[in-house]
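Novice: Chains as they are written, first to last, in the working numbering: chain A, 2 to 129; chain B, 2 to 129; chain C, 2 to 129; chain D, 2 to 129; chain E, 2 to 129; chain F, 2 to 129. Positions of the beta carbon are idealized from the N, C-alpha and C atoms, including for glycine. Mind looking over this structure? Questions follow.
Number of protein chains: 6
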Amino acid sequence: MSRLIEYEDAPPEVRAVFDDIKATRGVPDVNNFWKALAVHPPTLARTWDNLKQVMAPGALDPLVKEMVYLAVSATAGCNYCVASHTAAARAKGMDDAMHGELLAVIAMAAETNRLAEALRVPVDPQFQ
Amino acid sequence: MSRLIEYEDAPPEVRAVFDDIKATRGVPDVNNFWKALAVHPPTLARTWDNLKQVMAPGALDPLVKEMVYLAVSATAGCNYCVASHTAAARAKGMDDAMHGELLAVIAMAAETNRLAEALRVPVDPQFQ
Amino acid sequence: MSRLIEYEDAPPEVRAVFDDIKATRGVPDVNNFWKALAVHPPTLARTWDNLKQVMAPGALDPLVKEMVYLAVSATAGCNYCVASHTAAARAKGMDDAMHGELLAVIAMAAETNRLAEALRVPVDPQFQ
Amino acid sequence: MSRLIEYEDAPPEVRAVFDDIKATRGVPDVNNFWKALAVHPPTLARTWDNLKQVMAPGALDPLVKEMVYLAVSATAGCNYCVASHTAAARAKGMDDAMHGELLAVIAMAAETNRLAEALRVPVDPQFQ
Amino acid sequence: MSRLIEYEDAPPEVRAVFDDIKATRGVPDVNNFWKALAVHPPTLARTWDNLKQVMAPGALDPLVKEMVYLAVSATAGCNYCVASHTAAARAKGMDDAMHGELLAVIAMAAETNRLAEALRVPVDPQFQ
Amino acid sequence: MSRLIEYEDAPPEVRAVFDDIKATRGVPDVNNFWKALAVHPPTLARTWDNLKQVMAPGALDPLVKEMVYLAVSATAGCNYCVASHTAAARAKGMDDAMHGELLAVIAMAAETNRLAEALRVPVDPQFQ
């Protein structure tokens with residue numbers, strides 16, 4: 002299990018990132034991912050900075066982004082990521098029916114991905 | 002490369018599926034994935050039947066489903082699937098800005114998936 | 002694309018492996034995988050030695066082993082490996098119906114793998 | 002961890018699937034995968050219906066199908082799936098020697114998959 | 002295949018990134034990855050900015066970083082990434098012997114990864 | 002969880018491998034991976050023999066090899082392998098700064114792997 006850096010033991014550049022996460026998200030403490038990442042302050046700062054930009058509202062709404070994040074994490078089999086992004090998607094409005102349909106699409110895609118690979122299907126000219 | 006079964010060479014149970022795909026999608030011919038899958042008619046029929054159910058409008062709208070499908074396919078590295086589902090998402094309204102943000106989320110998720118795995122981050126109690 | 006080492010350009014330790022592959026398999030030339038691997042003779046020799054041991058008839062018959070090899074390769078999305086092991090399984094007796102069922106199992110497993118990961122299903126006590 | 006739906010708390014359409022699983026398999030209770038999937042009844046019903054068709058005896062015998070399922074699950078790194086399909090393969094007759102050889106093939110395939118990808122080996126004409 | 006944005010057709014914010022890549026690397030043109038990424042200028046800029054930071058000399062030397070990059074890319078089966086990072090590692094001093102040993106480690110790790118997953122090996126207390 | 006074979010319960014051919022691992026590494030006991038693999042003595046012997054060859058000092062130094070091993074394991078999401086190879090890399094001299102940069106490269110590579118796949122970037126002529 003990774004070493005987790007708590008706020009009180011963190012150097013100033015880590016505290017600055019933790020403070021920004023807490024303020025941006027309105028939470029009393031950062032979750033374990035950030036405490037683990039704090040073992041390398043430059044990666045912590047860069048990752049948080051990227052995430053803030055990428056997940057900000059834009060052409061796609063935040064809930065769609067969270068569901069895509071969850072789909073990628075389930076496909077990669079990342080247990081921590083599935084747990085945290087399921088919670089995040091729930092917090093942004095994903096209900097049971099949406100969750101169920103999301104799972105069905107993720108699983109269906111995995112199935113046809115394998116079929117296309119196993120059959121070595123040539124790309125149709127209209128998709129090029 | 003896989004063997005592709007064309008309509009004129011297909012047995013009746015394959016033609017029936019091809020006809021339903023063409024009618025459902027309003028296209029003059031099925032794409033190569035279905036022609037390749039036709040080497041095993043029961044898998045062709047079952048896969049199309051599943052896909053029709055899973056991708057139908059429901060709690061999630063069809064464009065969101067296509068973008069999730071694309072996210073899974075890109076994560077799995079399925080070249081054919083990326084090509085066909087990028088085209089499908091475009092046809093359902095994904096513009097350049099939406100595509101760009103989708104790619105950014107897919108890539109960001111891959112990055113944090115790896116960090117969480119490499120650090121073996123324990124799941125926070127509130128995510129259980 | 003990788004550099005391919007042909008027999009006439011190969012050093013003695015590579016020729017010895019190529020000769021053994023040709024004799025064991027009864028083929029006039031080795032396939033591209035071995036020609037590419039020949040850029041590093043120790044890895045060529047070790048890989049062939051392992052493969053010969055692992056794929057030899059034993060508690061599992063050679064066709065079952067080839068189909069498992071194909072299943073792993075399709076799951077990993079390795080295009081070269083899918084092509085070569087589909088050919089090898091065909092040569093050992095896999096017909097269209099067996100191929101079709103094999104693909105169906107590979108795809109079904111991918112689907113339930115994703116569902117189990119996305120739902121973080123706890124392992125049942127009887128499976129421990 | 003996922004929410005598990007027990008029989009006594011399940012709606013009628015979930016109970017119908019649970020009853021069919023229990024009758025088909027001759028088991029007193031369904032395993033956790035199905036209890037977790039029951040949060041979305043349409044996906045539960047569709048997945049069970051697919052699995053029954055795909056895993057039925059056909060051109061491949063059921064034990065071969067289970068070992069392929071296990072190979073895919075180990076390649077995908079799905080812990081739950083490895084646990085449940087190892088148990089299922091054992092129940093269908095996989096002994097220690099078969100299990101050992103199966104593991105050896107899975108691992109060997111992973112090794113040559115990586116070599117073929119890392120060397121970008123071009124597909125031989127005879128495999129096309 | 003992706004749309005590639007050439008310098009002469011690029012908007013100013015894309016040209017600025019292309020100019021920085023060319024200056025940093027001392028090359029006359031950027032490679033296709035950057036031309037493809039230019040369809041979404043914010044992702045282009047962010048990705049280049051991250052890459053410059055991550056790949057800069059630090060506690061690890063640049064050649065080691067390139068070999069790690071290649072190992073990850075081969076494991077993920079990304080054909081483009083394997084091609085470009087093999088070239089980059091060669092340019093930084095990777096010779097045939099180093100390349101061969103790198104491939105051997107990548108393949109060996111894939112093999113034991115699968116064995117550990119397939120056997121569900123519990124983590125030793127001293128590794129926690 | 003896998004069955005672990007302890008030295009005192011092991012047959013002679015397993016004890017011989019365990020003895021060689023302990024002597025080579027200077028450790029009082031083998032770790033769980035080997036105890037689990039001992040359920041199939043031929044795979045145990047072959048895997049250890051390969052590992053000894055592949056990880057021996059050569060054109061690449063042992064610490065670089067360990068970091069590559071860790072990179073592959075984190076990319077594949079193998080929890081046991083990440084734990085054991087992080088410990089092994091630490092034992093060979095990887096400090097916090099090196100670990101942090103290694104993680105950053107692994108994560109960055111995952112990100113650009115996904116972008117290259119999702120954009121289907123054509124390989125540049127100079128990389129062929």
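(1) Does chain E have any CB closer than 8 Å to the CB of glycine 27(B)?
(2) For the alpha helix (DSSP H) containing asparagine 33(E), name the first residue and the last one.
(3) Around the C-beta of valine 28(B), are 16 or more other C-beta atoms found within 10 angstroms, so that it is buried, or is it exposed?
(4) What whole-angstrom Cβ distance do glutamate 112(A) and alanine 111(C) have, given they're in contact under 8 Å?
(5) Give me the residue from Met109(A), Tyr81(A), Arg115(A) with the minimum Cα distance to glutamine 127(B).
(6) Near isoleucine 6(A), what residues of its chain come up, given a Cβ to Cβ distance below 7 Å and the 5 sequence neighbours on each side ignored?
(7) By how many angstroms is the C-alpha of asparagine 33(B) removed from the C-alpha of leucine 104(C)?
(8) List, in order along the chain, the chain G residues whose C-beta lies closer than 7 Å to that of glutamine 54(D)?
(9) Let me make sure I understand the geometry here. Which of Thr76(F), Ser85(F), Leu116(F), Val122(F) has the alpha-carbon closest to that of alanine 108(F)?
(10) Verify whether the separation of the beta carbon atoms of valine 124(D) and alanine 92(C) is less than 8 Å.
(11) Pick helix, strand or coil for histidine 41(A), following the three-state DSSP scheme.
(12) Grouping DSSP H, G and I as helix and E and B as strand, with all else coil, what is cysteine 79(A)?
(13) Give, in chain order, every residue of the stretch 71-91 of chain C whose Cβ lies closer than 7 Å to some Cβ of chain E.
(14) My output table needs one value for serine 3(B): the three-state DSSP class, helix, strand or coil.
(15) What are the uninterrupted segments assigned as alpha helix (DSSP H) that are 4 or more residues long and contained completely in the stretch 42-110 of chain D, given in chain order?
(16) Determine the direct distance from the alpha carbon of alanine 98(F) to that of arginine 4(A), and round the result to whole angstroms.
(17) Return helix, strand or coil for glutamate 10(D), following the three-state DSSP convention.
(18) At a Cβ threshold of 8 Å, is threonine 113(A) touching chain F?
(19) Looking at valine 106(B) and valine 122(A), is the spacing between their C-beta atoms short of 8 Å?
(20) Can you give me the C-alpha to C-alpha distance between arginine 47(B) and methionine 68(C), rounded to a whole angstrom?
(21) Tell me which residues share the same chain as aspartate 30(E) and place their Cβ nearer than 6 Å to its Cβ, disregarding the 5 neighbours each side in the sequence.
(22) Using a 10 Å radius around the Cβ and a threshold of 16 neighbouring Cβ atoms, would you call threonine 25(E) buried or exposed?
(23) Take lysine 23(B) as the anchor and find which of Pro43(B), Trp49(B), Pro42(B), Thr44(B) has the nearest alpha-carbon.
(24) For a quick check, are the C-beta atoms of leucine 71(D) and alanine 90(D) less than 8 Å apart?
(25) What is the DSSP secondary structure of proline 126(B), counted as helix, strand or coil?
(26) Using CA coordinates, which residue listed in Leu52(C), Gly78(C), Gln129(C) is at the minimum distance from alanine 117(A)?
(27) Do you know how far the Cα of leucine 45(C) is from the Cα of glycine 59(A)?
(28) Using only the alpha-carbon positions, how far apart do alanine 88(E) and asparagine 114(F) sit?
(29) Express the C-alpha separation of proline 12(E) and valine 194(F) in angstroms, rounding to a whole number.
(30) Taking its Cβ as the centre, do 16 or more other Cβ atoms sit within 10 Å of glycine 94(A), making it buried, or is it exposed?
(31) Helix, strand or coil for valine 15(D) per DSSP?
(32) Assign glutamate 9(D) to buried or exposed, taking buried as 16 or more other Cβ atoms, counted over all protein chains shown, within 10 Å of its Cβ.
(33) Under 8 Å between C-beta atoms, does asparagine 51(B) make it to chain D?
Specialist: A quick look at the data gives this:
(1) No - not a single Cβ of chain E is within 8 Å of the one on glycine 27(B).
(2) Looking at the DSSP string, the run of the alpha helix (DSSP H) that includes asparagine 33(E) is 33-38.
(3) Classified as exposed, valine 28(B) has fewer than 16 neighbouring CB atoms from the shown chains inside 10 Å of its CB.
(4) With 8 Å as the limit, glutamate 112(A) and alanine 111(C) qualify as a contact, their Cβ atoms being about 6 Å apart.
(5) Out of Met109(A), Tyr81(A), Arg115(A), the CA that lies nearest to the CA of glutamine 127(B) is found in Tyr81(A).
(6) Hits under 7 Å: Val15, Lys36, Ala39, Val40.
(7) Near 17 Å, if we compare the C-alpha coordinates of asparagine 33(B) and leucine 104(C).
(8) Here the protein chains are A, B, C, D, E and F, and chain G is not one of them.
(9) When only C-alpha atoms are compared, the closest one is Thr76(F).
(10) Going by C-beta atoms, valine 124(D) is not nearer than 8 Å to alanine 92(C).
(11) Three-state DSSP puts histidine 41(A) in coil, outside helix and strand.
(12) Coil, per DSSP.
(13) Along the stretch 71-91 of chain C, going in chain order, the ones with a CB nearer than 7 Å to a CB of chain E are Ala77, Gly78, Cys79.
(14) Coil, per DSSP.
(15) Counting only runs of 4 or more, we get 42-56, 63-77, 80-92.
(16) Approximately 15 Å between the Cα atoms of the pair.
(17) For the sequence presented, residue 10(D) should be read as aspartate rather than glutamate. In this structure, aspartate 10(D) counts as helix in the three-state DSSP scheme.
(18) Not an interface residue.
(19) Judged by beta-carbon spacing, valine 106(B) lies beyond the 8 Å limit of valine 122(A), meaning their Cβ atoms are not closer than that value.
(20) Distance between the alpha carbons of arginine 47(B) and methionine 68(C): 22 Å.
(21) Here the set comprises nothing.
(22) Threonine 25(E) comes out exposed.
(23) The option with the nearest alpha carbon to lysine 23(B) is Trp49(B).
(24) Cβ atoms of leucine 71(D) and alanine 90(D): closer than 8 Å.
(25) Helix, per DSSP.
(26) Comparing alpha-carbon positions, the option among Leu52(C), Gly78(C), Gln129(C) lying closest to alanine 117(A) turns out to be Gly78(C).
(27) Going from the Cα of glycine 59(A) to the Cα of leucine 45(C) covers about 51 Å.
(28) Our two residues, alanine 88(E) and asparagine 114(F), have alpha carbons roughly 16 Å apart in a direct line.
(29) Look at the range of chain F in this structure, 2 to 129, and you will see that residue 194(F) is not part of it.
(30) Exposed is the call here.
(31) DSSP places valine 15(D) in helix when its eight states are reduced to three.
(32) Answer is exposed; the Cβ neighbour count stays below 16.
(33) Cβ-Cβ to chain D under 8 Å: yes for asparagine 51(B).
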